[in-house]
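Colleague:
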Amino acid sequence: MIIYLETLGCCRNQVDSEVMLGRLASRGHDITSDPSGAEVIIVNTCGFIAAASAEAIDTILDMAQYKKEGSCRRLVVTGCLPERFRDDTLTDALPEVDAFLGTGACDAIVEAVEDSSKSVLTLLPDPCARELQGLPLPRKITQDYMAYVKVSEGCNRKCTYCIIPTLRGIQRSRPVDSVVKETATLVSQGVNEIVLVGENTTDYGLDFTPPVPLSHLLSAVSQKVAGIEKKHPTWIRLLYTHPSSIDKSVIKAIAENKNICSYYDIPVQHADSRTLKRMGRNYTMEDLYTLFETIRSMDPRAVLRTTLITGFPGETESEFNTLMKFVEDIQFDHLGVFPYSDSEDIASHHLKNHVPEHIREERHDTVMARQAEISETINQKYLGKTIPVLVEENPDDGIYLGRTQFQAPEVDGITFIYGSGLEIGTFADVKITETHEYDLSGENI
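Numbering (the UniProt record's numbering), first residue to last: 1 to 445.
Structure representation (structure tokens):
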């Protein structure tokens, strides 16, 4: 059969999609990038916040049109949306869908695609029952030069604004050997950037007996990748860390292994200790200042990224001012901000003193306006320097788009490269000639 898969949401969903496509391709099915010609359409959904759920439903309805106008005979919905609505809500609301699979049932994608004997197939086992993928992996990566690698699944934290433990289950870490083998296989196939991900990567290995520290995994991956001969060292990048579980051993592993990007993605969510307590975050403002001071003292190459929530229930003007001072003091290289998104099935919904939506948005805009100035100032230090850039796109003659080590995929700025003859997925040495709020521009030398 001819299969089309649409992925929504985060990079962890992308990994799930690649695994599903790999399984289907190994069964002899053809994968297409054109939904109009597909016999089976799969939508791998996000349901983290209300806006994501709405986008998922809109996408499902759009794809359902191909059952009327295209070749589609079967529509399958996977991922977080079926997990979030485990009752009959989706089956009643979306009769166009032939199968619903939760995050704990992605291994059953072959059955969902090939078995048309049931009118509606619903597989929603406990997400915790899902075994993490090891090798051999019939995985079809989306880009042949960059790949996300899951080191763990699920989360044991109890942040009051988050539904991830419900959607993905408790923390389950992959064995070190499994991660190392998959990484080595990808690098041997030509992948030039490995991005290690999980719901909470710095809690990696705490569920093992005895526990295995993340620093051990990082060093093992780094050494294995370094032993694979290539023209340019492969980048290794760690995302989705937690402030309370980044210890000195993790910082040391990143700082000492030169093929690991000194890129610290640490979503702190807020800085005021009172707000953090309501959020269920087990650290204080003082802990955050100490953490970032430690990182910068141990790793002079450190690039810092964080994400914040504005307008969390109970956030006063004073608490917001504390957050703004923190942003000013730390001077993050990259920063993302989200106005608080409420939902009846999260604990923070029941907190008092919800902040009006327009104030949440205003505070979001205030943070982003200041961060734009900070980022523009920080970027000026790269002016005149020659930096390795991973080439990703060629939108026009003489112009390429790429990323430096300090620009993560999807979330940060990009680097415009002026030159010719560059190959997508390879590295280019770029002399930076212009800097912008979030982006850089330079010439290939």
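Note that the Cβ used here is the ideal one computed from N, Cα and C, for glycine as well.
Spell out the partners DSSP gives His334 in its beta bridges.
Modeller: Position 334 of the sequence shown, counted from the start, is the residue given in the question as residue 334. Paired residue(s): Arg305.
Colleague: Could you tell me the distance, in whole angstroms, from the CA atom of Thr7 to the CA atom of Gly22?
Modeller: Locating residue 7 in the sequence shown gives position 7, where the first residue counts as 1. Locating residue 22 in the sequence shown gives position 22, where the first residue counts as 1. In a straight line, the C-alpha of Thr7 is about 14 Å away from that of Gly22.
Colleague: For Val250 and His242, what's the separation of their Cα atoms in angstroms?
Modeller: To locate residue 250, count along the sequence shown from 1; it is residue 250. To locate residue 242, count along the sequence shown from 1; it is residue 242. Rounded to the nearest angstrom, the two C-alpha atoms are 12 Å apart.
Colleague: So, is Phe208 buried or exposed, given that buried needs 16 or more other C-beta atoms within 10 angstroms?
Modeller: For the purposes of this step, residue 208 is identified with residue 208 of the sequence shown, where counting begins at 1. Phe208 comes out exposed.
Colleague: Using 8 Å as the threshold, is the segment 155-171 in touch with the segment 385-395, meaning 3 or more CB pairs across them?
Modeller: no
Colleague: For Val76, count neighbouring C-beta atoms within 10 Å of its own C-beta (all shown protein chains included) and say buried if the count is 16 or more, exposed if not.
Modeller: Against the sequence shown, residue 76 aligns to sequence position 76. Looking at its Cβ environment, which holds 16 or more other Cβ atoms inside 10 Å, Val76 is buried.
Colleague: For the segment 342-359 and the segment 277-293, state whether three or more C-beta atom pairs, one from each stretch, are separated by less than 8 Å.
Modeller: yes
Colleague: Below 8 Å on the Cβ atoms is my guess for Leu94 versus Ile42; work out the distance and round it to an integer in Å.
Modeller: For the purposes of this step, residue 94 is identified with residue 94 of the sequence shown, where counting begins at 1. For the purposes of this step, residue 42 is identified with residue 42 of the sequence shown, where counting begins at 1. 14 Å between Cβ atoms; not a contact.
Colleague: Take Val110 as the anchor and find which of Met20, Glu182, Gly336 has the nearest alpha-carbon.
Modeller: If you number the sequence shown from 1, residue 110 lands on position 110. Considering only alpha carbons, the answer is Met20.
Colleague: Can you name, in chain order, every residue of its own chain whose Cβ lies under 7 Å from the Cβ of Pro136, other than the five neighbours on each side?
Modeller: Along the sequence shown, one-based indexing puts residue 136 at 136. Per-residue confidence for Pro136 stands at a pLDDT of 45, beneath the threshold of 50, marking its modelled position as unreliable; the derived number appears in the next sentence. Cβ within range, chain order: n/a, list empty.
Colleague: Does the structure place the segment 260-273 close enough to the segment 232-247 that three or more beta carbon pairs sit under 8 Å?
Modeller: yes
Colleague: So what's Val97 in DSSP terms, helix, strand or just coil?
Modeller: If you number the sequence shown from 1, residue 97 lands on position 97. Val97: coil per DSSP, three-state reduction.
Colleague: Tell me the DSSP secondary structure of Leu135 in three-state form.
Modeller: The sequence position of residue 135 within the sequence shown is 135, counting from 1. For Leu135, the predicted model reports a pLDDT of 46, less than 50, meaning its position is unreliable; a value from the coordinates is still stated below. Reduced to three states, the DSSP call for Leu135 is coil.
Colleague: Residues bridged to Ala147 by DSSP?
Modeller: For the purposes of this step, residue 147 is identified with residue 147 of the sequence shown, where counting begins at 1. Ala147 is bridged by DSSP to Ile194.
Colleague: Tell me the rounded alpha-carbon separation between Phe326 and Asp62.
Modeller: Position 326 of the sequence shown, counted from the start, is the residue given in the question as residue 326. Position 62 of the sequence shown, counted from the start, is the residue given in the question as residue 62. Rounded to the nearest angstrom, the two C-alpha atoms are 43 Å apart.
Colleague: When the Cα atoms are used, what is the spatial distance from Arg252 to Thr284?
Modeller: Start at 1 with the first residue of the sequence shown, and residue 252 comes out as number 252. Start at 1 with the first residue of the sequence shown, and residue 284 comes out as number 284. Correcting the residue type first, residue 252 is Lys in the shown sequence and not Arg. Going from the Cα of Lys252 to the Cα of Thr284 covers about 23 Å.
Colleague: Look at the alpha carbon of Lys319 and the alpha carbon of Ser53, and state the distance between them as a whole number of angstroms.
Modeller: The residue labelled residue 319 in the question sits at position 319 within the sequence shown. The residue labelled residue 53 in the question sits at position 53 within the sequence shown. The residue asked about is misnamed: residue 319 is Glu in this sequence, not Lys. Cα to Cα, Glu319 sits roughly 30 Å from Ser53.
Colleague: Please go through the same chain and pick out, in chain order, the residues whose beta-carbon is closer than 8 Å to the beta-carbon of Ser273, but skip the five residues on each side of it.
Modeller: Taking the first residue of the sequence shown as 1, we reach residue 273 at position 273. If we look at Ser273 and ignore the five residues flanking it on each side, its Cβ neighbours are Thr284, Met285, Glu286.
Colleague: How many angstroms separate the CA atom of Gly442 from the CA atom of Thr122?
Modeller: Reading the sequence shown from its first residue, position 442 is the one you call residue 442. Reading the sequence shown from its first residue, position 122 is the one you call residue 122. Approximately 51 Å between the Cα atoms of the pair.
Colleague: Give the DSSP bridge partners of Ile431, in chain order.
Modeller: Position 431 of the sequence shown, counted from the start, is the residue given in the question as residue 431. Inspection of the sequence shows that residue 431 is occupied by Lys rather than by Ile. Beta-bridge pairing links Lys431 to Thr386, Glu443.
Colleague: According to DSSP, is Pro395 helix, strand or coil?
Modeller: Here residue 395 corresponds to residue number 395 of the sequence shown, with the count starting at 1. Strand, per DSSP.
Colleague: Does the Cβ-Cβ distance between Val195 and Arg174 come in under 8 Å?
Modeller: Along the sequence shown, one-based indexing puts residue 195 at 195. Along the sequence shown, one-based indexing puts residue 174 at 174. Not closer than 8 Å, so no.
Colleague: For a test of the three-state rule: what should DSSP assign to Arg281, helix, strand or coil?
Modeller: The residue given as residue 281 occupies position 281 in the sequence shown. DSSP places Arg281 in coil when its eight states are reduced to three.
Colleague: Taking Cβ positions, are Glu199 and Met146 nearer each other than 8 Å?
Modeller: The count along the sequence shown starts at 1 and reaches residue 199 at position 199. The count along the sequence shown starts at 1 and reaches residue 146 at position 146. Against a cut-off of 8 Å, the Cβ pair of Met146 and Glu199 comes out as no contact.
Colleague: Is the separation between the beta-carbon of Gly9 and that of Cys46 shorter than 8 Å?
Modeller: Sequence index remark: in the sequence shown, residue 9 carries index 9 (1-based). Sequence index remark: in the sequence shown, residue 46 carries index 46 (1-based). For the pair Gly9 and Cys46, the CB atoms are nearer than the 8 Å cut-off.
Colleague: Assign Gly154 to one of three DSSP states: helix, strand, or coil.
Modeller: By 1-based counting over the sequence shown, the position of residue 154 is 154. Gly154 sits in coil when the DSSP states are folded into three classes, being neither helix nor strand.
Colleague: Classify Ile445 as buried or exposed, calling it buried when 16 or more other Cβ atoms lie within 10 Å of its own Cβ.
Modeller: Within the sequence shown, numbered from 1, the residue matching residue 445 stands at position 445. Ile445 is exposed by the Cβ-count criterion.
Colleague: Pro211: buried (16+ other C-beta within 10 angstroms of its C-beta) or exposed?
Modeller: Against the sequence shown, residue 211 aligns to sequence position 211. Counting Cβ neighbours within 10 Å, Pro211 comes out exposed, since fewer than 16 surround it.
Colleague: Here's a check: name, in chain order, each residue in its chain whose Cβ is nearer than 7 Å to the Cβ of Val179, leaving out the five neighbours to either side.
Modeller: Along the sequence shown, read from residue 1 onward, the residue named residue 179 stands at position 179. Excluding residues up to 5 positions away in sequence, Val149, Val151, Leu217, Val221 lie with their Cβ nearer than 7 Å to the Cβ of Val179 in the same chain.
Colleague: With a floor of 3 residues, list each beta strand (DSSP E) that falls wholly inside the segment 244-294, ordered by position along the chain.
Modeller: Entirely contained in the segment 244-294, the beta strand (DSSP E) runs reaching 3 residues are, in chain order, 263-265.
Colleague: Would you mind reading off the limits of the beta strand (DSSP E) that contains Glu6?
Modeller: Indexing the sequence shown from 1 puts residue 6 at position 6. That run of the beta strand (DSSP E) goes 2-7.
Colleague: Buried or exposed: which applies to Gln269, given that a residue is buried once 16 or more other Cβ atoms fall within 10 Å of its Cβ?
Modeller: In the sequence shown, residue 269 corresponds to position 269, counting from 1. When all chains shown are included, Gln269 counts as buried.
Colleague: Between Phe427 and chain B, is the shortest Cβ-Cβ distance under 8 Å, so that the two count as touching?
Modeller: Included in the structure is just one protein chain, with no chain B present.
Colleague: So, helix, strand or coil for Asp177, using DSSP?
Modeller: Walking along the sequence shown from the start, residue 177 turns up at place 177. In this structure, DSSP gives Asp177 a helical state, which the three-state scheme calls helix.
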